[in-house]
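Read top to bottom, the protein sequences are chains D and F.
Number 195 in my numbering belongs to position 189 of the first sequence; there are no gaps in the numbering.
Number 172 in my numbering belongs to position 84 of the second sequence; there are no gaps in the numbering.
Every residue gets a Cβ at the ideal spot worked out from N, C-alpha and C, and that includes glycine.
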Amino acid sequence: MLKSWIPSLGRLRLIVQLLMLFLCVYGAVFVGSYSADKLSRALPALSCAYDQMNGGYCVLIRAQHTLHHSIGMVIARAGEVTFSTLLPLLFIVGAFFAFFFVLGKAFCGWVCPLGTLQELVGRIGRRFGIGVRRIEPGDLWPVSRVRPVKWLLLVGLVFLLPLLTGLGLTPHALGNPYCDVCPARIATTLLSGNADQLALNLGNAWSFGLGALANWLIGFMLVGALALRLPFCRICPLLAFNAIFQRLSPARLSKPSRAKCGNCRICTDACPMDIPEISQGEGKKAYNEDCTLCGRCAEYCPQDDVIRIQWAKVNVFRSSRAYYKARVREALPDGTVKPAAKGQGDA
Amino acid sequence: MRFILSFALLLGMSGALWAQHDGHRQPGGERGAWTTQPLLLLERGEDRASASLRLRGPTALLVTVFGPAGGERLFELIDDRAQIEVADAGIGNYHWLQVREEKPQHVGVAATVWYSSLAGPSPRRLLETRHSELEIVPAPLPREHANYRESEKWQFVVRYEGQPLAEQRLLLETEHGSRGTFVTDAQGVATVLFPRDFAGKPGRSGHGARPKAGFVLRTEHVDAGRHFVTTFNATYGEDVDRGSSLGWGAAFGVFGMLSALPLLRQRKRRVSKEQSC
């Protein structure tokens, strides 16, 4: 019975993603209006604080607020930084790390509501036969040109500008600039029936510009995700924030050696982030900063025990030829559902 | 990517000096010469654990601050002003502020809420706790990034001795001159529609530079010959659609969609490799 409901890791991940999407966007309906405060401490890095029905707040808005209101303003007023000034930020990072200590980068691949939405759009694209575009030489761009963007957004929009605004050096409208450009703000509020966040503020040029960029991003994401898997995740500062701690988490991707690897690159084809290192590398190099621990590379590796998803060195899932054969009967590595499997696929 | 890099650089180069903002002020009462009802008016404190309070209307010597963790502190009003602090050291979030004027046949209570941006427990317990005989209690309070706003409906519970009071009249007055009456249902809940009265009115800038104005709710009840009058005041903001354009927002969304259309062009398919392994 369980096997028929959850025949693959991909199906299990889809179920978890949908449950977490529901919690993130509508969670307050079930656990009360003020639950976001509580859940945010237990499960930081959840949903958009602008969504009034959600079950938790995103860690990025808390980081920006602390830098803007607490640290920046205190430095501006008193000209000094004390331990108590930094304490809120340390708590945020600590809570964030505690969360990621358990889940690691699986947050991105299993929990993030924006990731889930992009994957759902991608499924629609596969169903309508739209071919997958890739961030790789010969198609769009090499990954080396895209990867720095998320670090730039993390440093610039999440840390630097809120701090400068707290210091009074940049306009107030730049107090939480990442939230202003985040497409999740628009996506999750629209899902809760609120179109307010789609409207642009005409009274402030900065607000208008940032909001326009967010709207452009959500539009680009909704159409682009039909062909390009997880378009926004590739520049998401939360992925970068997460990557800082990925070596510390017991949850990880493991490819100890290429000795048994067939060099077929199917794992990279299956990877929604188009990570070439998973097929070309081994050891630490294989667990790349862009990895979301979705597990698709392990699912689509045709060699026994080459790629593993581990938690505290325990194999949660490992590649096997038998699993690969069953999986590929339903869907191709890029998610395209085979004609015979249409209607029952879960790629 | 070039566009995003350019945009980030543009943001980073900005050096305009701006005045200090008034933080994430949640709905607490502020100035008021627009009503004869008592008002508790809040101003920003020196830090996140304090605020300045000004009382308009009743004669009271003390203001009580109830904290979300169960703490309770009294602060002296001098010339109708008090410097208040969080009820429990280091614990923020919503606090309930209340002054009380008591005579043999009359009990007047004025209340508001104050949001300290220090971390603190949810206000659920705070709002369930009985603070006076007759109470007007928000149900719920606005969460972060929300506020009472014109054209919106928000619910308030009227309780007497901790029990919901049905068929109770609730009077609304706003700083912009609107007046209204609402009646509680069998559960003691009144659904208050905030009037759309910001048009052409000068407002004060809150966080995000959106104007705010004060409002006060009043109810009264007579029991055993005693007359109870309670008010709750706070602020409400202008409708988000004022000064905003959904059309422009949708236009940029559509522009983003059009920008992504080239991605949908088919590329040359590589030979599927699953057959070769």
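For Arg142/F, the beta-bridge partners assigned by DSSP are Leu129/F, Arg169/F. Going by beta carbons, Glu288/D and Pro262/D fall inside the 8 Å limit.
Under the 8 Å criterion on CB atoms, Phe343/F is classed as interfacial with respect to chain D. Within chain D, the C-beta atoms nearer than 8 Å to that of Gly331/F come from Asn207, Leu208, Gly209, in chain order. At a cut-off of 8 Å between beta carbons, Gln354/F contacts chain D.
Tyr330/D: member of the alpha helix (DSSP H) spanning 327-336, first to last residue. With respect to Pro243/D, Leu159/D sits close: the two C-beta atoms are nearer than 8 Å. At a cut-off of 8 Å, the C-beta of Trp184/F has no neighbouring C-beta in chain D.
Below the 9 Å Cβ cutoff, chain F contributes Val328, Asp329, Ser332, Leu334 as neighbours of Asp202/D, in chain order. Distance check between Ala175/F and each of His183/F, Leu352/F, Lys300/F places His183/F closest, using alpha-carbon atoms only. Contact annotation: Cys307/D and Ile313/D have beta-carbon atoms nearer than 8 Å. By the neighbour-count definition (other C-beta atoms within 10 Å, threshold 16), Ser220/F is a buried residue.
Within the segment 123-155 of chain D, Ile136, Gly137, Arg139, Asp145, Arg151, Val152, Val155 place their CB atoms closer than 7 Å to a CB of chain F, listed in sequence order. One thing to note: Gln243/F has its Cβ no nearer than 8 Å to the Cβ of Thr269/F. Any Cβ of chain F closer than 8 Å to the Cβ of Ile224/D would place that residue at the interface, and such an atom is present.
Within the segment 212-240 of chain D, the residues whose Cβ lies closer than 9 Å to some Cβ of chain F are Trp212, Ser213, Phe214, Gly215, Leu216, Gly217, Ala218, Leu219, Ala220, Asn221, Trp222, Leu223, Ile224, Gly225, Phe226, Met227, Leu228, Val229, Gly230, Ala231, Leu232, Ala233, Leu234, Pro237, listed in chain order. Note on geometry: alpha-carbon atoms of Phe238/D and Phe113/D lie some 15 Å from one another. Taking a contact to require three or more Cβ pairs closer than 8 Å, the segment 187-207 of chain F and the segment 235-252 of chain F do not qualify as touching.
Taking the Cα positions, Asp285/F is about 19 Å away from Leu258/F. Going by C-alpha positions, Pro168/D is about 10 Å away from Ala179/D.
Here Ser10/D is exposed, its C-beta having fewer than 16 other C-beta atoms within 10 Å. The C-beta of Thr147/F has fewer than 16 other C-beta atoms within 10 Å across all chains shown, which makes the residue exposed. With respect to Ala220/D, Arg258/D sits apart: the two C-beta atoms are not nearer than 8 Å.
Runs of the alpha helix (DSSP H) lying entirely within the segment 168-203 of chain D and spanning at least 4 residues, in chain order: 183-187, 189-197.
Interface criterion met: the Cβ of Ser347/F is under 8 Å from a Cβ in chain D. DSSP places Asp285/F outside both helix and strand once states are collapsed to three, so it counts as coil.
Under the 10 Å beta carbon count, Ser255/D is surrounded by 16 or more other beta carbons and is classified as buried.
Taking all protein chains shown into account, Ala193/D has 16 or more neighbouring C-beta atoms within 10 Å of its C-beta and is therefore buried. Residue environment for Val197/F: buried (at least 16 other C-beta atoms within 10 angstroms of its C-beta). A Cβ-Cβ separation of about 16 Å leaves Gln125/F out of contact with Val246/F under the 8 Å criterion. In this structure Leu228/D is buried. Its beta-carbon is surrounded by 16 or more other beta-carbon atoms within 10 angstroms. Scanning Leu334/F, Asp329/F, Glu326/F, Thr319/F for the CA closest to the CA of Val195/F turns up Thr319/F. With a threshold of 16 other beta carbon atoms within 10 Å, Arg353/F falls short and is exposed. Per DSSP, Pro154/D is one residue of the alpha helix (DSSP H) stretching across 149-159. Within chain D, the residues placing a beta-carbon under 7 Å from that of Leu351/F are Arg139, Gly230, Ala233, Leu234, ordered along the chain. Contact check for Ala205/D and Ser332/F: beta-carbon distance about 4 Å, within the 8 Å limit, so the pair qualifies.
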